[in-house]
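Chains as they are written, first to last, in our numbering: chain A, 1 to 343; chain B, 1001 to 1343; chain C, 2001 to 2343; chain D, 3001 to 3343. Cβ coordinates follow ideal geometry from the N, Cα and C atoms, glycine included.
Protein chains: 4
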Amino acid sequence: MIKAGIIGASGYVGCELARILSSHGGADLEILSSRRGDGAEYGSIYPHFLKSPYTITETNIEAAADACDVVFIAAPHGVAAGMVSADILKKTRVIDMGADFRLKDPDAYEKWYGLKHPKPELIAEAAYGLTELNRDEIKSARLIANPGCYPTAAALALYPLIAEGAICPQNVVINAMSGVSGAGRDVRESNLFCETNESLKPYGVATHRHTPEIEQTLSLGAPVTVSFAPVLAPISRGILAISTAELSGALTVKDIADIYDKYYTGEFFIRVLPPGEMPQTRWVKGSNFTDIGFALDGRTNRVIICSVIDNMVKGASGQAIANMNIMFGLPERQGLSQFSVFP
Amino acid sequence: MIKAGIIGASGYVGCELARILSSHGGADLEILSSRRGDGAEYGSIYPHFLKSPYTITETNIEAAADACDVVFIAAPHGVAAGMVSADILKKTRVIDMGADFRLKDPDAYEKWYGLKHPKPELIAEAAYGLTELNRDEIKSARLIANPGCYPTAAALALYPLIAEGAICPQNVVINAMSGVSGAGRDVRESNLFCETNESLKPYGVATHRHTPEIEQTLSLGAPVTVSFAPVLAPISRGILAISTAELSGALTVKDIADIYDKYYTGEFFIRVLPPGEMPQTRWVKGSNFTDIGFALDGRTNRVIICSVIDNMVKGASGQAIANMNIMFGLPERQGLSQFSVFP
Amino acid sequence: MIKAGIIGASGYVGCELARILSSHGGADLEILSSRRGDGAEYGSIYPHFLKSPYTITETNIEAAADACDVVFIAAPHGVAAGMVSADILKKTRVIDMGADFRLKDPDAYEKWYGLKHPKPELIAEAAYGLTELNRDEIKSARLIANPGCYPTAAALALYPLIAEGAICPQNVVINAMSGVSGAGRDVRESNLFCETNESLKPYGVATHRHTPEIEQTLSLGAPVTVSFAPVLAPISRGILAISTAELSGALTVKDIADIYDKYYTGEFFIRVLPPGEMPQTRWVKGSNFTDIGFALDGRTNRVIICSVIDNMVKGASGQAIANMNIMFGLPERQGLSQFSVFP
Amino acid sequence: MIKAGIIGASGYVGCELARILSSHGGADLEILSSRRGDGAEYGSIYPHFLKSPYTITETNIEAAADACDVVFIAAPHGVAAGMVSADILKKTRVIDMGADFRLKDPDAYEKWYGLKHPKPELIAEAAYGLTELNRDEIKSARLIANPGCYPTAAALALYPLIAEGAICPQNVVINAMSGVSGAGRDVRESNLFCETNESLKPYGVATHRHTPEIEQTLSLGAPVTVSFAPVLAPISRGILAISTAELSGALTVKDIADIYDKYYTGEFFIRVLPPGEMPQTRWVKGSNFTDIGFALDGRTNRVIICSVIDNMVKGASGQAIANMNIMFGLPERQGLSQFSVFP
């Protein structure tokens, strides 16, 4: 059994890691820790874990590294990079759920996150954990930069089309909607029920930190620049990304379908819908699937791709556990075989 | 007092007309009718109208025209055009809440609505009721084509920028989210609570019928073509339109702000937010306001505009009543002065 | 025109007062104040008031009393009693939206609110503002104790049956569900969207502070004791109270209907449904109505009454404005004639 | 591996059975059938099952009985009793998700369900599947009457107190709230998003068919009569039952806690909270747990018990699978070990 630890277990991403690992079958959850941790039952913070065997302790990366084969760090940006070191990585593998090791360029990190990168020397060795696109690197990595939720949804939708030269890299518009769990458990007025219920709220328009991460993944040869506008929607979980791109030539629906087939036919967790059908977030809620639909807009020579994920699963904890499975030679789907909890 | 009638009072648009007219002060609601109408109390169909004086009768356009100064028709496309005639328009003014007289080109109507236009001879005289952009024509019209909800939100956001040549007419992407009331009271599986709650659902991507209506309004000189993808969101009311457009030159935030000022400073029902601030649908729910925010995306030379309306008010019944006020020489704001019902 | 002031305008109750007064027609809103007030536009705190003429200033009861004919105080318990004095009441009338003057017994106040009453000498003169039950006293009062939301819903449902001796005063069970706006705009983890959405949460079971208020209103002669369990439901607005009581004798459905008729036939804001029909909160949302339905449970000799209100309107600001209307000789319905905003 | 079949796989209960069985590990889903079944992929009806191996065929009880060790029937009342026969029960075990075999008295069935019982001779042999209360009988049964959702939540809360004589059997009031999935996938106006969202709706007050089922389970010696009022709440899943009962004597909080301990200490799926703490439906969503909290109301000599379940899991499909596990000698928790999907 893999021994796993979670740092940041009092946040939503941490508790979703705990949920999946609790019935994973190939990993034992040795350590759950948090700034709020004091040895109490985990169920005192998250009552759905009442009767679980877990307690939540104070954060200690050294102890976690000593006790665990893999440590998930779910913390605000800056924290993981502060904790991880060459020494730690000799003792354990680390999957960073946050942003610290996603951008390969430390200057970009500083620009978008407003923070000088604490450990630029570790960036190179970090494998970007977008499972389907980077499986080989993940396999042998000691340090995983688990992708952001929006980049996961958007990049999986656009990657095959960019890779095949089907769309123009400079004319891509991405609008995305996210459930409120994406904002975490932080206590802010803007996240109160009455302030988000029955409303739609654009935020971070043209300034969201996931923008350079999307561009980095898609810049295969030619640099890709995207316009990105996210929206907070009154659902607990789910991301819908709508990507609109200019076709680079006279492509047919079948051409596009063939491209997706070429890249994703063998991918269990990616389901490309028949042309014209569009995915909905409810079909992936609680599961690790990415559902993708597309339509050609012949009038404007564009393709519009809609992709959906559960931001807590494929957009965070589920993808991290798939990555863990890959790192330790387990079947990629272990612990992640469940279909959406619907309705 | 204006004598007003509603055809289609059993639908959501009809009941919202009734709500606003019931406390309007300058209009009496003489007739509420519907296919489901049988002389019963209106409160038997919509219990929030218990204790109202209204009854709901069978649809009869002749009787409505005889009894009323203005008749609102809230019916599926094809119905209003079937009812309205030169004779009817001699007796009463008509505000069509549906799509029959919005498109100036009957061929476009046939193409997008799949129906040969029943009364092409009346199209020319219909005034398009986008209040702020067409006030003069509305004033003297006998027949109003009340705009669609998406076109209201999107066109008000883009019109000033198109009119001033600030953006390229061929590179406009519009994504919009709507509350479920936009789907009407039709009983379909896809509109059940469990099928829409906690989910986001793209639909009509690249094929939605509001697309040519948006393009018609924005084609000022040069033809405008837009890519349009709407999304159903689990809220009862509200539309958020996100319009992304390529700047035609090196414009600054101040330039854009000045353009909006030029067009909308005197418009009570349009509130342009300070640069960088974005509107939320909750701030307009139950009111006739359109709130607009914008951001420049300097990296991509684009402007991203977010606009919100209440699809039932500014997107349907409220705008219709503002148009009625204009037609009858009442203050445009009469009956519409209420701020959003929040939270 | 009545000159009105609001103390506590940054809370939900305050902003609902402002919404209703802004289109009241018989009152001008002279002062909106709050601890957070600094002379800024009211729209900076509540953007739905953008373009309103209001600014929000620092709280100053003396200034408010000098400038206004009536001052609404929407503040946590203890605050209003601290502010109001004999001198203040010589200058202005006060409507306390909070709990300070509701309980006639200062010991009960201390027991349930954990605070020695700051002004016991003013309790006697305060009129309890349950409009339909206390209109005469309200008319001449200088100080109104505006009722709690649960007591409004529950007491209006039970009062006629108690008054007529139809039910046993010692065997009444009340369960009620409230929207989250009832918890105010306080920033607490338990009120976050993700912590309340898709969930039902009992709280204050057998200990809620509205219990003695309900009992006080219903103790007409014989003391009434109720068991009360409230539940937080994931809606923004609305209260449903379910009151189950033992019949005192062999009463028929018609007997019960007759009792409600006797008390409420002339009451515009109370709508008693035909026997067997039950009210829903959506039919009163945004309105000042109380809808009441009842069913006899012949098997157990009980009557079950369901009553619904909008907690922000009839349960707070709407009822306060009806009371203001009564105090100043205006029509009770002025500013409150709007039907529910549905859907 | 157990071979399992589902009749009624196009409904919500059927698809929840499929979800749980798909990762159960001890059972193979051989047959999914429905009136709507035509051999298509199950994912065409429920897209979250895209990439599942399942197809949905036309209902055929004979074929299902031949092919399967256990057949779950999720159908409207009357249907299962029509299908099941002595012959069928010789070939397979049947778990009826509906109401046909729950009431032991066929006259009560006829009275409450308005239908003469089609197979009264089979009622006696049916084991009532309230797992914790009836494990021995379930073990050896060929036919299981799986309990209703409300009866599961309410009876588990009240049973220990009744069994120990702690409460008076004639003075029990139950109010319960349910998510909309409880109404099934039937296409009715009342279940539309806009008609249920942001609203609370009492229904079946004093007439709900689960009333006699609750009473049957609780009538241990003395007959128990309850007043029952259910409410539809705008959540997809979850039931909260609030049971208020008169204490039979001077019991303390510890006495009540001890009674629950005595009955439920060894029950994994029942979590009794510390005195004064109350459960919320979110903590059990997607799981098979029943969480129970209670408070003494000393003023009225009553106990108020709040119990929550996921109506689709413990209230339907999860409990059915626990029963299947018991019948086939598998660990009761197999396939059901997952904690709530939160947030």
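Examine chain B for any beta-carbon lying closer than 9 Å to the beta-carbon of residue i, and answer yes or no.
i	result
Tyr3159/D	no
Leu3192/D	yes
Arg3185/D	yes
Arg3188/D	yes
Tyr3113/D	no
Is it right to say residue i is buried, meaning 16 or more other beta carbons lie within 10 angstroms of its own, or is it exposed?
i	result
Asp2069/C	buried
Gly3114/D	exposed
Glu3195/D	buried
Met3177/D	buried
Lys3116/D	exposed
Met3001/D	exposed
Arg1209/B	buried
Arg1271/B	buried
Ala241/A	buried
Asp1291/B	buried
Ser2287/C	buried
Asp2136/C	exposed
Thr1252/B	exposed
Would residue i and residue j qualify as a contact pair, given that the criterion is a beta-carbon distance under 9 Å?
i	j	result
Thr1217/B	Ala1166/B	no
Ser1243/B	Ile1174/B	yes
Pro1047/B	Gly1082/B	no
Ile1020/B	Ser1317/B	yes
Pro169/A	Ile162/A	yes
Phe348/A	Lys314/A	Given that chain A is displayed from residue 1 to residue 343, the structure contains no residue 348/A and the question cannot be resolved.
Met2312/C	Ile2144/C	no
Would you say residue i faces chain A, with C-beta separation under 9 Å as the test?
i	result
Leu2200/C	no
Phe3328/D	no
Answer with yes or no whether the minimum CB distance from residue i to chain C is below 9 Å.
i	result
Ser181/A	yes
Ala3295/D	yes
Tyr12/A	yes
Ile3377/D	Only positions 3001 to 3343 of chain D appear in this structure, which leaves residue 3377/D out of reach.
Met1312/B	yes
Ile3304/D	yes
Tyr3203/D	yes
Thr3217/D	no
Just to confirm, does residue i get its C-beta within under 8 Å of one of the non-hydrogen atoms of the ligand FMN?
i	result
Ala3166/D	Ligands in the displayed structure: none, and consequently the ligand FMN is not present.
Under a CB-based cut-off of 9 Å, is residue i close to chain D?
i	result
Thr1196/B	yes
Ser1236/B	yes
Arg2299/C	yes
Pro2223/C	no
Quick one: is residue i near chain F, going by C-beta distance under 9 Å?
i	result
Ser1317/B	In the structure shown, chain F cannot be found, because the protein chains are A, B, C and D.
Name the residues in the stretch 2138-2169 of chain C whose C-beta lies less than 9 Å from a C-beta of chain B; which are they? Residues of the stretch 2138-2169 of chain C with a C-beta atom less than 9 Å from some C-beta of chain B do not occur.
Those runs of the beta strand (DSSP E) which lie wholly inside the stretch 1300-1329 of chain B and span at least 3 residues: 1302-1309
As an exercise, report each continuous beta strand (DSSP E) stretch of at least 3 residues that is fully enclosed by the stretch 2176-2247 of chain C, in chain order. 2226-2232, 2239-2247
Would you mind listing the alpha helix (DSSP H) stretches within the stretch 2056-2118 of chain C that are 4+ residues and don't spill past its ends, in chain order? 2061-2067, 2079-2083, 2086-2091, 2106-2113
According to a CB-to-CB cut-off of less than 9 Å, which residues of the stretch 29-62 of chain A neighbour chain D? Gly43, Tyr46, Pro47, His48, Phe49, Leu50, Lys51, Ser52
Run through the stretch 1115-1173 of chain B for me and flag every whole alpha helix (DSSP H) of 4 or more residues, listed as ranges in chain order. Entirely contained in the stretch 1115-1173 of chain B, the alpha helix (DSSP H) runs reaching 4 residues are, in chain order, 1120-1123, 1135-1140, 1149-1163.
So if I threshold CB-CB distances at 7 Å, which residues from the stretch 1250-1283 of chain B count as touching chain A? Met1278, Gln1280, Thr1281, Arg1282
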